[in-house]
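Okay, so here's the structure we're looking at.
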Amino acid sequence: MTAPAPSLSLSLPEFGGFPEAGGWWYYAVSALAFLLAGLICGYFIWRKGHMQTLDAESEVRRAAEELARLKEDLDAETKGLEK
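Residue 31 in numbering that gives the first Met the number 0 sits at position 32 of the sequence shown; the count goes up by one each step and never skips.
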């Protein structure tokens with residue numbers, strides 16, 4: 000007969016739970032915490048969308064400038080062919 004293998008156990012201090020919360024202050028603190036978390040998340044979502052909008056607007060501006068240059072080149076070639 001063999002001896003049972005020794006078991007490894009970690010003993011952690013017992014967690015007694017959170018104290019009983021009640022009253023208006025608990026709800027006020029919870030509301031404030033969720034409000035701040037929502038504002039922070041909302042800011043980063045807005046910022047990402049704003050940056051994407053700026054990128055799209057600059058791309059439209061670059062495309063319009065390129066089209067204007069191509070139109071000038073086409074006009075110059077058309078004048079050259081008419082002569």
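Backbone N, C-alpha and C define an ideal beta-carbon position, used for all residues, glycine too.
Quick one: Cα of Lys82 to Cα of Gly48, how far? 51 Å
Could you check what DSSP says for Glu13 in three-state terms: helix, strand or coil? coil
So for Ser57, helix, strand or coil by DSSP? helix
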